[in-house]
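Chains A and B, in that order, are what the protein sequence lines are. According to this note's numbering, the first sequence is numbered sequentially starting from 301. According to this note's numbering, the second sequence is numbered sequentially starting from 301. See structure below.
Protein chains: 2
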Amino acid sequence: MAVSSLRCIQSLGFSSRGRAFFPVGDCSRANARKSMNCRLVFASAKNSDRDLCVESKVETLLDSVKWDDKGLAVAIAQNIDTGAILMQGFVNRDALATTISSRKATFYSRSRSSLWTKGETSKNFINVHDIFLDCDRDSIIYLGKPDGPTCHTGSETCYYTSVNDFLEHKQIEGSRQALTTLYSLESTISQRKAELAVPQHVKPSWTKRLLLDSKFLCSKIREEADELCRTIEENEHGTRTASEMGDVLYHAMVLLALKDVKVEDVLDVLRHRFSQSGIEEKRSRGQQNEAMEEDGSWMWFQTLCPCT
Amino acid sequence: MAVSSLRCIQSLGFSSRGRAFFPVGDCSRANARKSMNCRLVFASAKNSDRDLCVESKVETLLDSVKWDDKGLAVAIAQNIDTGAILMQGFVNRDALATTISSRKATFYSRSRSSLWTKGETSKNFINVHDIFLDCDRDSIIYLGKPDGPTCHTGSETCYYTSVNDFLEHKQIEGSRQALTTLYSLESTISQRKAELAVPQHVKPSWTKRLLLDSKFLCSKIREEADELCRTIEENEHGTRTASEMGDVLYHAMVLLALKDVKVEDVLDVLRHRFSQSGIEEKRSRGQQNEAMEEDGSWMWFQTLCPCT
């Protein structure tokens, strides 16, 4: 499926904060009759002029990539919430331009010599929120949110084969993803929860005790939160703060497991609050949480929105 | 620097849990006089036999990688705690073997046609804890902990050029890394803290109010922990749990910022607890935390250690 580099560029609608790294032109290709720079064009011109200006900037960006001798660069898709590396492919100029315009992670298939958008068959698209280039400009991150499992095997990511496991000759059921620390901990807690279904005649582990006794769990969460606060109230060393925060996280994650809530769900909530203004957030919470709004808890979102 | 694929394989010492994906041989090349499989060799043979068996397994692993027409595969270095993608390079057979044996992320330089270990000049090595192959076996993750900034520019990662920023013509001081949700939030809180140094004549934001008043901050942390617990005590919906956990995380992260503690430090603590037994953990905490140990808080590590 060959497509134009700039198909649908008009639909661009990313939002973020940041700096311009690329050489900034005067949009002369896009708007030759104007000598003003892009910022001025954006502020005063009609939509069509603006679209042409964006088109010109995308071309500048594509020109700045260091394509290899086959016209390709490496592209890595990463989950914006969990940080999991979902998959890696290659992109050519058209694939990157298509991703910029469609916001769906798109690659170039070297075996089929054509573009392909992840999810075009499975519908498990990767919705790209931002794209990053590396210092050499030959490697790209698609930072996005997947609609479902990325791997064609049904696995969340394509990376589920551990060299450690192979060399140590370990055998367990199912695959072990390349999990970072927080998600390894989540996975272990989840495993302990699953083990509860099988009656055991040994003393239950700490995690299982917490899972089996939510009253006890809640008393631990309140206690650990208190201990975290005391590290600042009693001016304790930062290492103590890190340790107490570890305790808070772990115990709270056991509660999440009991409620079948994933850490990713929590981060999804944070990201949505983070990217909207406090006023929108307040509105989205609606009538049902009026009491919460009155105590001011919602106000912190206002301080985090990049626009405020 | 050409090195043998199997230099120092004897020093292998990874530890993890998981499954074997690779075809399992009987180590006949390594230990032809024995008909028993690797597991038995590991259990009974002398060190030299064991080393030969590991060597054979590494060869099997290297044979299973789908090297491209130049004998290369993509290798991505990822921070095991934060999930940040640090850099991407290419590996050949020797580079991957060297990484397996040395546990320092090693690549193949296409421009210099030689191996290079990240950090050999800067001393900012990436200490590899595990390696993952993707489903196609042509892409590799080095999951590890960097000793310092990875990029030659001094940036934590090589990915600090945002396409969004370029297209929106945003200009800010310094670079903006490819941050996932938790670290975007941490970065914003840190920015608010930095802004406190400049007197402002507008009403302070919620985050700044918390930063300026640690008594108020601690009352919010205790309150949010209580609300998180109430979602289980009052059998509220999981969406409410996710929302309250978001509140706990955000307020606790403001405390971390006040104490100059990074989320990465907390995860580092968790990972160390996670990978050692409760007994080792108890010992490592030493005399100073006897009171904590007595209340049983340390015991949960025991339940998380893969060996217990």
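Note that CB positions come from ideal geometry on N, CA and C, so glycine has one too.
Check: residue i C-beta below 7 Å from any heavy atom of the ligand GDP
| i | result |
| --- | --- |
| Phe574(B) | Ligands in the displayed structure: none, and consequently the ligand GDP is not present. |
Neighbouring residues, chain A, relative to residue i (Cβ below 7 Å)
| i | result |
| --- | --- |
| Ser543(B) | Val569 |
| Gln503(B) | Position check: residue 503(B) holds Lys in this sequence, whereas Gln was assumed. Chain A residues near Lys503(B): none, gap ~11 Å exceeds 7 Å. |
| Leu511(B) | Chain A residues near Leu511(B): none, gap ~10 Å exceeds 7 Å. |
| Ala525(B) | Ile521, Arg522, Ala525 |
| Ser439(B) | Gln388 |
| Asp565(B) | Ala542 |
| Val374(B) | Val374, Gln388 |
Whole-number beta carbon distance between residue j and residue i, since they are thought to touch under 8 Å
| i | j | result |
| --- | --- | --- |
| His429(B) | Lys445(B) | 7 Å |
| Thr481(A) | Arg571(B) | 5 Å |
| Leu443(A) | Ile400(A) | Not confirmed; about 13 Å, so no contact. |
| Ile385(A) | Ile385(B) | 7 Å |
| Val563(B) | Glu486(B) | 5 Å |
9 Å Cβ cut-off: residues of chain A touching residue i
| i | result |
| --- | --- |
| Gly419(B) | Those within 9 Å of Gly419(B) in chain A number zero; the least Cβ separation is about 16 Å. |
| Leu361(B) | Val463, Phe466, Leu467 |
| Gln500(B) | Result: empty, since nearest Cβ-Cβ is about 13 Å, beyond 9 Å. |
| Leu496(B) | Per Cβ cutoff of 9 Å: no residues; Leu496(B) is ~12 Å from chain A at best. |
Alpha-carbon to alpha-carbon, residue j and residue i
| i | j | result |
| --- | --- | --- |
| Val351(A) | Val358(B) | In the sequence as displayed, the identity of residue 351(A) is Asp instead of Val. Distance between the alpha carbons of Asp351(A) and Val358(B) is about 54 Å. |
| Leu396(A) | Ala478(B) | 17 Å |
| Asp465(A) | Lys404(B) | 18 Å |
| Cys308(B) | Glu533(A) | Confidence at Cys308(B) is low in this model, with a pLDDT of 39, below 50, so the placement of that residue is unreliable and no value is reported for it. |
| Cys353(A) | Asp363(A) | 15 Å |
| Cys435(B) | Ser484(A) | 20 Å |
| Ser519(B) | Gly546(A) | 19 Å |
| Thr360(A) | Ser422(B) | 33 Å |
| Asp447(B) | Val498(A) | 43 Å |
| Thr406(A) | Thr398(A) | 7 Å |
| Glu420(A) | Thr453(A) | 16 Å |
| Ser348(A) | Glu355(A) | 10 Å |
| Val566(B) | Gln500(A) | 33 Å |
| Leu517(B) | Glu524(A) | 15 Å |
| Cys451(A) | Ser575(A) | 28 Å |
| Glu495(B) | Leu467(B) | 27 Å |
| Val265(B) | Lys366(A) | Absent from the model: residue 265(B). The displayed extent of chain B is 301 to 608, so no value can be given. |
| Ser514(B) | Lys503(B) | 18 Å |
| Tyr550(A) | Lys559(A) | 14 Å |
| Ser413(A) | Arg476(A) | 32 Å |
| Ser439(A) | Asp438(B) | 16 Å |
| Gly538(A) | Arg509(B) | 21 Å |
| Ser402(A) | Ser411(A) | 23 Å |
Chain B contact residues for residue i, given Cβ-Cβ distances below 7 Å
| i | result |
| --- | --- |
| Thr398(A) | Here the premise fails: no neighbours, minimum Cβ distance about 13 Å. |
| Leu556(A) | Thr541, Met545 |
| Ser514(A) | Ile532 |
Own chain residues within Cβ distance below 7 Å of residue i, not counting five before or after
| i | result |
| --- | --- |
| Val463(A) | none |
| Ser552(A) | In the sequence as displayed, the identity of residue 552(A) is Ala instead of Ser. Same-chain partners within the cutoff: Ile521. |
| Pro449(A) | Asn424, Ser455, Glu456 |
| Lys493(A) | Leu511, Ala557 |
| Thr507(A) | Ile489, Arg492, Val554 |
| Ser505(B) | Arg492 |
Contact set for residue i: own chain, Cβ-Cβ below 8 Å, skip 5 residues either direction
| i | result |
| --- | --- |
| Gly383(A) | Thr480 |
| Ser490(A) | Ala557 |
| Glu536(B) | Arg530 |
| Leu528(A) | Thr541, Glu544, Met545, Asp547, Val548 |
| Pro323(A) | Low local confidence applies: a pLDDT of 39 at Pro323(A) is under 50, so the model's placement there is unreliable, with the coordinate-based value given in what follows. Counting only Cβ-Cβ distances below 8 Å, and skipping sequence neighbours, we find Thr360, Ser364. |
| Val561(A) | none |
Chain A contact residues for residue i, given Cβ-Cβ distances below 8 Å
| i | result |
| --- | --- |
| His452(B) | Cys435 |
| Leu549(B) | Val566, Leu570 |
Proximal residues of chain C, C-beta to C-beta of residue i below 7 Å
| i | result |
| --- | --- |
| Ser422(A) | This model lacks chain C altogether; the protein chains it does include are A and B. |
Proximal residues to residue i (C-beta, below 6 Å), its chain only, five neighbours per side dropped
| i | result |
| --- | --- |
| Ile441(A) | Ile376, Gln378, Phe432 |
| Ser409(B) | Trp416 |
| Asp568(B) | Asp381 |
| Met387(A) | Ala377, Thr450, Cys458 |
| Asp526(B) | none |
Residue i: contacting residues in chain B (beta-carbon distance under 8 Å)
| i | result |
| --- | --- |
| Lys559(A) | Thr531, Ile532, Gly538, Thr541 |
| Thr382(A) | Gly383, Thr480 |
Beta-carbon neighbours of residue i, restricted to chain B and to distances below 9 Å
| i | result |
| --- | --- |
| Ile426(A) | Those within 9 Å of Ile426(A) in chain B number zero; the least Cβ separation is about 14 Å. |
| Ser401(A) | The premise fails here: Ser401(A) is roughly 11 Å from chain B at the closest Cβ pair, so nothing lies under 9 Å. |
Could you say if the stretch 369-382 of chain B and the stretch 390-404 of chain B meet the contact criterion of at least three C-beta pairs nearer than 8 Å? Taking a contact to require three or more Cβ pairs closer than 8 Å, the stretch 369-382 of chain B and the stretch 390-404 of chain B qualify as touching.
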